């Protein structure tokens, strides 16, 4: 097995950083110069909980570890800047897995426009990747979950249901529909759209990680409002329909409660011209809780690690 410091040197060689970074890898800590308030989030991927090696190649795990974190920054309407990555893995893990993971991290950093500025490595029984992401508000107030008002409209940007369909396919030993499987392995976060929504006047926003209904439920609770989702305004992607037809799983359930979409959901004042690509899916009213087509939803609302 390759030594720790040699491995660190390999995975940090030739890192590219953006203009925010004053000091990167090689010291006890990195130094980043940001504008406005600093926004920080963290997310963890654990082998056999969030991914399986037989389902997700290392490169995809690396990309996903970045994507799920930067998506949270997008949901605050802020500008993502940098990440640090902590990776733990078994001592007998093939070093190529680590190389491929790090290549995936770098690839997603380029896509998201963030810099990898440090991290840590250790040994563990299973692979664990923990990323902390840093961004800034650029002088604007962050968009929280708590600002939705009665009369607002609800809109989403990104892919709903594909990740859930991909997971169902993988659980049954299939590698298709490819679009769904790839979306589960490496979600396509709508980078930059959090800031677009903020500039358009979003009153509340959230990253859809646990499922559309579950995450809109957080906005409902935080804002003290009721949210109704109109299913007629939701489109069913072809891969979702195909998985539903093959397995008997309801397509609408994947879209409403599948989770790991890493799309964005936001509320906007009534009359707002939605930014390009945002789709209206519901409305906010006085009251509490989530309804679907005006009635309580009978199925699962979404993912809960401890539920």
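In the working numbering, the protein residues as written are 47 to 353.
For glycine and all other residues, C-beta sits at the position ideal for the given N, C-alpha and C.
Please read all numbers here as calculations on a predicted model, not as lab measurements.
What do you reckon, are the CB atoms on residue i and residue j nearer than 7 Å?
i: residue 252; j: residue 191; result: yes
i: residue 247; j: residue 319; result: no
i: residue 285; j: residue 226; result: yes
i: residue 312; j: residue 211; result: no
i: residue 155; j: residue 90; result: no
i: residue 149; j: residue 237; result: no
i: residue 135; j: residue 104; result: no
i: residue 276; j: residue 328; result: yes
i: residue 101; j: residue 216; result: yes
i: residue 303; j: residue 346; result: yes
i: residue 278; j: residue 188; result: no
Taking only the alpha-carbon atoms, compute the straight-line gap between residue i and residue j and give it to the nearest angstrom.
i: residue 184; j: residue 137; result: 42 Å
i: residue 145; j: residue 139; result: 11 Å
i: residue 201; j: residue 114; result: 20 Å
i: residue 167; j: residue 340; result: 50 Å
i: residue 107; j: residue 97; result: 8 Å
i: residue 76; j: residue 132; result: 14 Å
i: residue 116; j: residue 331; result: 30 Å
i: residue 316; j: residue 198; result: 5 Å
i: residue 224; j: residue 262; result: 28 Å
i: residue 292; j: residue 228; result: 18 Å
i: residue 333; j: residue 249; result: 17 Å
i: residue 78; j: residue 245; result: 25 Å
i: residue 299; j: residue 80; result: 41 Å
i: residue 314; j: residue 186; result: 17 Å
Short of 8 Å in beta carbon distance, which residues of its chain neighbour residue i, apart from the five on each side in sequence? Order them along the chain.
i: residue 239; result: 120, 203, 204, 310, 321, 323, 324
i: residue 170; result: 134, 135, 136
i: residue 259; result: 275, 302, 303, 336, 338, 343, 347, 348
i: residue 94; result: 172
Leaving aside the five residues before and after residue i along the sequence, list all residues of the same chain whose C-beta is less than 6 Å from its C-beta, in chain order.
i: residue 143; result: 104
i: residue 337; result: 274
i: residue 174; result: 92, 134
i: residue 294; result: none
i: residue 118; result: 87, 253
i: residue 165; result: 130, 131, 132
At a Cβ threshold of 7 Å, is residue i touching chain C?
i: residue 206; result: No chain C is part of this structure, which consists of one protein chain only.
What does a CB cutoff of less than 7 Å around residue i pick up in its chain, not counting 5 residues either side in sequence?
i: residue 112; result: 129, 151, 154, 155, 158, 177
i: residue 264; result: 191, 252
i: residue 214; result: 289, 293, 295
i: residue 287; result: 297
Which runs of the beta strand (DSSP E) spanning at least 3 residues fall entirely within the segment 206–275, listed in chain order?
With a minimum length of 3 residues, the continuous beta strand (DSSP E) runs that stay inside the segment 206–275 are 250–254, 272–275.
Under 8 Å: do the segment 209–224 and the segment 74–87 share three or more Cβ pairs, one atom per stretch?
no
At a cut of 8 Å, does the segment 261–273 reach the segment 186–201 through at least three beta carbon pairs?
yes
Determine, using beta-carbon pairs with one atom in the segment 225–243 and one in the segment 302–313, whether at least three such pairs fall under 8 Å.
yes
So does the segment 122–135 actually touch the segment 172–184, counting three or more Cβ pairs closer than 8 Å?
yes
With a floor of 4 residues, list each alpha helix (DSSP H) that falls wholly inside the segment 118–166, ordered by position along the chain.
Taking 4 residues as the minimum length, the alpha helix (DSSP H) runs contained wholly in the segment 118–166 are 141–158, in order along the chain.
Segments assigned beta strand (DSSP E), at least 3 residues, entirely inside the segment 299–339:
309–314, 325–331, 335–338
Which parts of the segment 67–106 are runs of the beta strand (DSSP E), unbroken and 3 residues or longer, counting only runs that do not cross its ends?
Listed in chain order, the beta strand (DSSP E) elements of length 3 or more contained wholly in the segment 67–106 are 67–69, 84–92.
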